[in-house]
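Chains as they are written, first to last, in my numbering: chain Z, 570 to 1181; chain X, 570 to 1181.
Right, dumping it as structure tokens:
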């Protein structure tokens, strides 16, 4: 491997790390994309992370520590085998854009902050550290450490290059493993090899149990999560994913904060209430200009707006698709991964304009607005959505007239009405105007729909879900209390056929399109009638119709013959139509996709006419 | 009926006629809405048409002519019986908004321009006129006449109050009956009663045959229509409705002008090429301010833009709905009531701004933009569509780099990309910014979709079709020439099963939503594959994707068993998905509506695998 080649790759890596978009592409090229949003660390300098080692140590699996100032500790470098391929890949992916030689820093220091007793029972030459010592190397220390297995790593020099950004510091002072359980992409030899470069010691044997750190010393990343309302239907606890109970969905136009569905990809970041107004959002324009606004400044300087809008997970009703088509991957939401609230905050477009973006002509480089949250989640929306004067995109501080609950983004979240909720980034702390989409897996992979037959997922083939298609659901069915008495000459009623049934539910379409008709069938779709749409328009706020339409229906149960099992079942069906006359597909099979996204087929609820 | 009451109604009528929106509502209240767009005539003064007679002649069916200056001719006034109910209705509909008394003109003159020989064989005291004399009272004469039956009417005083506006002059100098055949709403006693007020004579007996004017003297309203390309599939000749032949639809991205589908509601207005730049468009703002632009002025003063956009009739594929669901009313289009062209003209929003409309804040009164064409067709779009900076709504002069063909609106038409073509008014000569939709039947009735069960059509229940939903169609299927030879031990192939079939077609979604996936099934929807989308993006112009996506597919015909008739049929199916992941409904039954609008279900084409 020639020196010019190394220098070239180094240049590219250096550029990559010094420019988030490029770094993101790089990371993506490396096929380790779970956390691929590089933030520009303020405290940690960005450094290329494999170049130095790869070029200097082309052969030996055991190399001397490159930092002459540190103690003679040994680093294992199995990374090299991977690196060769990696560099080839980099060379293929990145064409040179500049031939200016750039000096690659080599004096990277990884020295631990304190002398440690050598407890080298294995003869590995590594010092041993007590968990209490390691804990001192937390997120706020000058030299953050993490534990993996029984080894201790000084990640100081890695933080700046970590594709997930400073979120890695969440693990500092303790074990990184609970986080790798969340960000499963890390569980690869490739990532372990990177980490291995930074080993500084081992956990002291007194703090090990069966060769691993004591369990009670490993912090649960979710330990600070808020308590949730018991009415929420929990699907996963860590991270919290919980849906609004079905029979409360259409109960009120605005979903109460306590029962608003929760979709967390990770833990809930902790922002102290007294510090909320100091929380900052960094805005980066395509020309590299950066401006930071505190929440307090946003509130004080920009006009506040109220918008009522539904948020809906792309996986809402996924369980239906599993049931009527076949197995889908992902959280098995029923009908409750949707809620409606009144949001209050400042318009993103106003803030972007203030930050220096031309709303009239954002320019070719300004095609997407990328958001990152405190917990490392990231996503983006097209620039047109962000600056649309009628788009109502907010940086929201309030939800239903109260400060945002922690689960919903305290102290500030993005709200993108009419779009999939996955773009409404919570705990937002960074906004980048870019020529490309956010490079996170949540933008580029998770939220897409392939054809019903497509098993090979070519991620670039389809667009990320943004504006949502139309859907509807039955949320409650009940028999109306019987008032008629069967004439005496008739046999007593054995089924509910002929009785009145009351049904209620919601219908919603994205893009600000209003629901204009909800069709109901009590016999599986053979005959139709129209539901009564509730008029909630007085509560609606915003330039377009961003809200759901609640509906009710009363109808007579059809006569149903007993089936082979002696059951008398019928199926209630709902389908809706919006003002662009979009309607729902009939079957989940026809829209099946492995991820179970956008399970918007007619909603069917089986109803047993006996034993009612 | 008291005098104050009459005065009040008079005031209301006067206001109504002097203000088009109000007059339109009035006309609608009278339930004669076929032609309900009142234009403000420049030549003919607007006058209330029933008040004078109704209040002055409350009882007698035969009243003396109110104009003392004219000859003592008798007018039958059966209008009165209707008028009493009418006035009650008016009183109910219009609450007084002003109590200022307004003088109602009474000296309306209806005298014929020339003395005529009395040929009073019937003793009716009416003069007789030769057809040649009547012809002199054409549209450009000071006193236009029309013939109805064998009677002659001087409509001079009616033109200003005619709800359809000056289009009535199209009939001047000849018989009005061919026009009533088009505008069938006129065929009522009520309308005949109005006309009867203006009788001035009868057709001379020498020009009558069986009591009616000689047929060759009755002008065909369509006599000046242009010749059409013989490749167009004519559905009706008068007016011309003709679709693009299926196998030419996906042949080119831009449909040639000659084979672009034609949807005319009436005749094609005649505008001389040398006069094209003098053609005027009147723009009326909510405050009543009126500004007129000539085509020449529009071209000279405003920046011209090119936009490629599909136009599609809401009835495209209606024949499918008839076939797969049940009978629908309306033109039985197959897949060819859709075409794509490059349009060139000025932006409507630029012109409206110039005319004085505030684009930033149009105001509460500016909710719709109503368009009228020379032939009396009218429709409207929401103000948001009209002024959307990314809406690309044009006043277009050119189509595929040539002047608009006469069939497509020469010299100027509206183009509203992403919306139903019924809003893209041709031969436009008037634009009114209003607080309400156009009151024409084409806006308020014809283009709506009711539920599959709804037989009673409550027209106010649903919104007019504007932005179009997603659709797709197969436009051509053919077997690929066979290259394989059956192995000698096999029987000769008796069906096409196993052979390659080539399919092509289009997919389109309204609202600027791009098609991102086209699914094809060769077995009726059991199995799916994806079509290849043709890349026509280089030809696309506009802020959003207003065009169709052409696609092709090659697949192997499935094995099909013979049916009871010895046929081996399979069904090809296409369905598309746009970038908001809207998709098509599966069956026409589920979206059935009596008018057969928006027949967007999966497109199915039966294919007989034998005898190929």
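Glycine is no exception: its CB is placed at the ideal position from the N, C-alpha and C atoms. From a predicted model like this one, the values you see are computed outputs, not experimental measurements.
- Considered as a whole, the stretch 736 to 790 of chain Z harbours 768 to 772 as its complete beta strand (DSSP E) runs of no fewer than 3 residues, in chain order.
- In this structure, DSSP gives residue 1044 of chain X an extended state, which the three-state scheme calls strand.
- The beta carbon of residue 903 of chain X is closer than 8 angstroms to those of 802, 812, 815, 886, 888, 889 in its chain, skipping five residues each way along the sequence.
- Residues of chain Z whose Cβ lies closer than 7 angstroms to the Cβ of residue 1036 of chain X are, in chain order, 1149.
- As the crow flies, the alpha-carbon of residue 991 of chain X is around 14 angstroms from that of residue 1164 of chain X.
- Under a criterion of Cβ atoms nearer than 7 angstroms, the residues of chain X adjacent to residue 1032 of chain Z are, in order, 1085, 1148.
- Secondary structure of residue 1088 of chain X (DSSP, three-state): strand.
- Within the DSSP secondary-structure output, residue 697 of chain Z pairs in a beta bridge with Z/771.
- Listed in chain order, the beta strand (DSSP E) elements of length 3 or more contained wholly in the stretch 862 to 915 of chain X are 873 to 881.
- One finds nothing in chain X with a Cβ atom closer than 7 angstroms to the Cβ of residue 1043 of chain Z; even the nearest lies about 17 angstroms away.
- The beta-carbon distance between residue 944 of chain X and residue 838 of chain X, rounded to whole angstroms, is 5 angstroms. This is short enough to meet the 8 angstroms contact definition.
- In the DSSP annotation of this structure, the continuous segment of the alpha helix (DSSP H) that includes residue 727 of chain X starts and ends at 725 to 728.
- Judged by pairs of C-beta atoms under 8 angstroms, the stretch 941 to 960 of chain X does not touch the stretch 1095 to 1108 of chain Z, as fewer than three such pairs exist.
- Listed by position along chain X, the residues whose Cβ is nearer than 7 angstroms to that of residue 949 of chain Z form an empty set, because the closest Cβ is around 15 angstroms away.
- Rounded to whole angstroms, residue 951 of chain X and residue 940 of chain X show a C-alpha spacing of 11 angstroms.
- Look at residue 1155 of chain X: its C-beta is under 8 angstroms from a C-beta on chain Z.
- Residues of chain Z with a Cβ closer than 7 angstroms to the Cβ of residue 1097 of chain X are, in chain order, 1020, 1021, 1022.
- With 16 or more other Cβ atoms inside 10 Å of its own Cβ, residue 955 of chain X counts as buried.
- Residues of the stretch 953 to 974 of chain Z that bring their beta carbon within less than 9 angstroms of a beta carbon in chain X comprise 953, 957, 958, 959, in sequence order.
- Contacts between residue 1111 of chain X and chain Z, judged by CB atoms closer than 9 angstroms, are missing: the closest CB pair is about 13 angstroms apart.
- For residue 1173 of chain Z, same chain residues with a beta-carbon under 6 angstroms away, outside a window of 5 residues either side, are 1140, 1142 in chain order.
- Annotation: the continuous alpha helix (DSSP H) that includes residue 956 of chain Z extends over 952 to 956.
- For residue 932 of chain Z, the closest Cβ of chain X is not nearer than 8 angstroms.
- In chain order, 1150 make up the part of chain Z whose C-beta sits under 8 angstroms from the C-beta of residue 1167 of chain X.
- For residue 918 of chain X, there is no enclosing beta strand (DSSP E); the enclosing alpha helix (DSSP H) covers residues 917 to 924.
- Leaving aside the five residues that flank residue 1080 of chain X on each side, the residues in its chain whose CB is nearer than 6 angstroms to its CB run, in chain order, 987, 1036.
- For residue 1109 of chain X, there is no enclosing alpha helix (DSSP H), as DSSP gives it neither H nor E.
- Residue contact check for residue 1003 of chain Z against chain X: no CB pair falls below 8 angstroms.
- Straight across, the Cα-Cα distance linking residue 691 of chain X with residue 916 of chain X is about 60 angstroms.
- Using a CB distance below 7 angstroms, no part of the stretch 907 to 932 of chain X faces chain Z.
- Within chain X, the residues placing a beta-carbon under 9 angstroms from that of residue 1159 of chain Z are 1088, 1094, 1097, 1144, 1152, 1155, 1171, ordered along the chain.
- Distance between residue 896 of chain Z and residue 828 of chain X, taken at the CA atoms: about 48 angstroms.
- The beta-carbon of residue 1080 of chain X is placed less than 8 angstroms from the nearest beta-carbon of chain Z.
- The stretch 738 to 755 of chain X makes contact with the stretch 697 to 715 of chain X, as at least three CB pairs between them are under 8 angstroms.
- In the DSSP annotation of this structure, the continuous segment of the beta strand (DSSP E) that includes residue 812 of chain Z starts and ends at 810 to 812.
- Per DSSP, the continuous beta strand (DSSP E) segment holding residue 1076 of chain Z begins and ends at 1069 to 1077.
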